[in-house]
Structures are given as C-alpha cells and as structure tokens.
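Student: Numbering (our numbering), first residue to last: 2 to 239. Here a beta-carbon is modelled for each residue, glycine too, at the ideal position from N, C-alpha and C. Keep in mind it's a predicted model, so treat the numbers as computed, not measured.
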Amino acid sequence: MSGAPLLEVEDAVVAYGDVPALRGLTVRVDEGETLAVIGANGAGKSTLLKTVAGLLRPVSGDVRLDGASLAAVPAHVRVARGIAMSPEGRRLFPSLTVEENLKVGAHARRTGPWDLAAVFALFPLVEERRARPAANLSGGEQQAVAIGRALMANPRLLLLDEVSLGLAPVVVAQLYAALPRITEQGTTVLVVEQDVHQALAVADRVQCLLEGRTALEAAADEVDRGRLTAAYFGVGER
Ligand SMILES: Nc1ncnc2c1ncn2[C@@H]1O[C@H](COP(=O)(O)OP(=O)(O)O)[C@@H](O)[C@H]1O
Ligand SMILES: [Mg+2]
C-alpha cells in the first residue's frame with residue numbers, strides 16, 4: 002500500500018520572528034505508511050506539523066501533497082485536500098459537548114469511512130460522554146475526542162501531535178491501540194512524540210529531530226537504540 006510520496010517537506014526553514022525552529026528540514030511520508038517524528042522538547046516537532054497543516058508558512062523550502070506545492074493553499078483548504086491534525090494539548094472547545102466538538106472536525110469533510118458512528122465505534126467511551134462538555138472529560142478522553150475530531154474530516158494524512166502528553170502509560174497504550182484501525186482504512190499517519198518507546202511501537206519509520214534538523218532516520222524495527230538516544234539528546238555517537 003505504500004510507495005508514492007503523499008507528503009514531502011523539502012528543505013523547510015520555519016522561524017518565529019528571527020528565531021528559526023526548522024533549519025532546512027526534509028520529511029517524506031509515503032502513502033499508507035506511519036512515520037514517527039521524535040525529538041526532545043523544542044526540537045521542532047509541533048512546528049513541523051503546523052507547517053504541514055498550513056498554520057505556519059516556511060521562510061524557504063516547500064510542502065507538497067501528491068507532488069503539488071501547498072505554498073498557496075490555506076489551512077482550511079488543506080483539510081479539504083485531506084490533511085487533518087490532532088494538535089498538541091488537544092485544543093477542544095471546552096464548553097461545547099463532545100459531539101459538538103466532533104462535528105467541528107466534519108466542517109471541511111471529505112467523503113470516507115469516518116463519521117460520528119465510526120468514531121464512537123473506535124472509542125466507545127467517547128460515545129458514553131457524547132452529551133457532556135469537553136471540559137468535564139479526563140485527559141485521555143479528551144485526547145480520544147481530539148483524534149476523533151481529526152478523523153471526522155476523513156483525512157488522507159492524519160497528523161498526531163503528542164498523543165501521550167500528560168497521560169498515564171496505560172491510557173497512552175489504549176489510545177495507540179486504536180491506530181491500526183485507522184491505518185487499515187488506508188490513512189497515512191505522521192505522529193509526533195516525545196515518548197520514543199510508543200513511537201517505535203506504532204511506526205514503520207522513525208525520524209529524530211534535533212534543533213530543527215534531522216539527527217537520525219531509520220526503519221522502526223531496525224533502529225539502534227543507542228544511536229537513537231544519542232540523536233535525541235544530541236550527544237556522542239552519531
Ligand atoms: N509561538 C512561538 N513563538 C516563539 N518561539 C516558538 C513558538 N513556538 C515554538 N517556538 C520555539 O520553536 C522551537 C521549536 O518548538 P516546537 O516546534 O514547539 O518544538 P517541539 O514540538 O518539538 O517541542 C523551540 O525553540 C520553541 O521555543
Ligand atoms: Mg510540540
């Protein structure tokens with residue numbers, strides 16, 4: 002199912018004011034694969050995802066979907082083209098109900114397998130909480146809603162930013178257990194994590210960022226843990 006590049010980020014430089022966060026970063030995700038981008042706090046992971054989603058514009062370099070540049074394509078049109086993000090920190094509307102939050106994700110919906118019923122089947126707890134304000138949910142439940150909201154757009158490329166953030170390991174494992182049922186629909190996934198163990202468990206390939214550049218790229222099942230740790234922290238054996 003994989004092969005052709007779905008997403009290509011080429012030599013992207015992205016800055017906040019004068020401060021560069023991505024310093025010439027190249028990332029490729031093939032159709033049907035799951036890429037994990039890992040790296041320490043501040044490495045540029047969220048900046049990468051926001052750049053792909055169209056929330057940040059590169060100073061130089063390009064982002065392409067199916068080989069076509071997205072440079073002139075605003076964020077909401079990127080959703081319609083098939084790029085949906087579950088952002089770091091979940092960012093639900095706290096006073097809206099769970100169901101209302103999910104429907105927000107359907108705004109620029111493509112046709113496809115994901116709708117309210119499918120999200121509820123994926124995360125039964127979310128269905129039980131459907132009429133509650135999002136603010137009343139636990140962190141893990143909120144994360145499930147955030148993933149479900151992104152799925153409601155029926156993305157070709159799903160961007161997941163730090164699913165594990167602030168959650169107990171058992172909850173993280175439950176959330177990641179849903180991933181195969183998402184990828185088997187043909188969805189390509191770009192997951193960003195500080196939790197290296199979890200990232201390696203779900204990904205086909207792993208790319209480690211350090212200060213806005215690639216420090217290591219490898220197949221997830223072949224990566225040398227020592228080299229990965231060194232790349233992650235920017236020390237020694239590289
Ligand atoms: N809104 C912002 N304004 C200024 N600097 C920022 C902003 N967001 C991120 N940065 C900086 O950009 C770099 C990369 O941040 P980020 O992409 O959030 O990293 P990560 O997601 O890997 O933790 C960091 O040095 C961070 O301090
Ligand atoms: Mg981040």
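Measuring alpha carbon to alpha carbon, tell me which of S139, E128 and S165 ends up nearest E101.
Tutor: On the sequence shown, position 100 is the one that residue 101 refers to. Looking at the Cα atoms, E128 is the closest of the given residues.
Student: D162 and P88: beta carbons closer than 8 Å?
Tutor: As a first step, residue 162 is located in the sequence shown; it is residue number 161 there, counting from the start. As a first step, residue 88 is located in the sequence shown; it is residue number 87 there, counting from the start. By the CB criterion at 8 Å, D162 and P88 fall inside the cutoff.
Student: Spell out the partners DSSP gives Y17 in its beta bridges.
Tutor: Locating residue 17 in the sequence shown gives position 16, counting from the first residue. Answer by DSSP bridge pairing, in chain order: V20.
Student: When the Cα atoms are used, what is the spatial distance from G68 to V30?
Tutor: Looking up residue 68 in the sequence shown gives position 67. Looking up residue 30 in the sequence shown gives position 29. Whole-angstrom Cα-Cα distance: 12 Å.
Student: My output table needs one value for P125: the three-state DSSP class, helix, strand or coil.
Tutor: As a working mapping, residue 125 is identified with position 124 in the sequence shown. Here P125 sits in helix by DSSP.
Student: Could you spell out where the alpha helix (DSSP H) holding T215 opens and where it closes?
Tutor: As a working note, residue 215 is residue 214 in the sequence shown. Taken as a continuous stretch (DSSP letters only), T215 belongs to no alpha helix (DSSP H), being part of the beta strand (DSSP E) at R214 to A220.
Student: Could you please give the first and the last residue of the uninterrupted alpha helix (DSSP H) stretch that includes G227?
Tutor: If you number the sequence shown from 1, residue 227 lands on position 226. Note, G227: alpha helix (DSSP H), R226 to F234.
Student: Hey, which unbroken runs of the alpha helix (DSSP H) at 4 residues or more fall wholly within the stretch 27–59?
Tutor: As far as the stretch 27–59 is concerned, its whole alpha helix (DSSP H) runs of at least 4 residues are 46–54.
Student: With a CB to CB cut of under 6 Å and the five nearest residues on each side skipped, what residues in its chain are close to A132?
Tutor: For this step, residue 132 is matched to residue 131 along the sequence shown. Counting only Cβ-Cβ distances below 6 Å, and skipping sequence neighbours, we find T98.
Student: Pick helix, strand or coil for P181, following the three-state DSSP scheme.
Tutor: Residue numbering aside, residue 181 sits at position 180 when the sequence shown is read from its first letter. Three-state DSSP puts P181 in a helix.
Student: At the level of alpha carbons, what is the spacing between D19 and L211?
Tutor: Indexing the sequence shown from 1 puts residue 19 at position 18. Indexing the sequence shown from 1 puts residue 211 at position 210. Rounded to the nearest angstrom, the two C-alpha atoms are 19 Å apart.
Student: In or out: F234 buried (at least 16 other Cβ within 10 Å) or exposed?
Tutor: Position 233 of the sequence shown, counted from the first residue, corresponds to residue 234. When all chains shown are included, F234 counts as exposed.
Student: Quick one: which unbroken alpha helix (DSSP H) runs of 4-plus residues sit fully inside the stretch 156–202? Chain order, please.
Tutor: 170–177 and 180–184
Student: Starting from A5, trace the alpha helix (DSSP H) in both directions and tell me its first and last residue.
Tutor: Here residue 5 corresponds to residue number 4 of the sequence shown, with the count starting at 1. First-last for A5: undefined, no H or E at that position.
Student: Are there any heavy atoms of ligand 2 lying less than 7 Å away from the beta-carbon of S47, as far as the coordinates show?
Tutor: Taking the first residue of the sequence shown as position 1, residue 47 is located at position 46. Flag set: Cβ of S47 near ligand 2.
Student: For G113 and L158, what's the separation of their Cα atoms in angstroms?
Tutor: For the purposes of this step, residue 113 is taken as the residue at position 112 of the sequence shown. For the purposes of this step, residue 158 is taken as the residue at position 157 of the sequence shown. Roughly 13 Å between the two C-alpha positions.
Student: Leaving out the 5 sequence neighbours to the left and right, which residues in its chain are closer than 7 Å to G140 when beta-carbon positions are compared?
Tutor: By 1-based counting over the sequence shown, the position of residue 140 is 139. Within the same chain, G140 has close Cβ partners G167 and L168.
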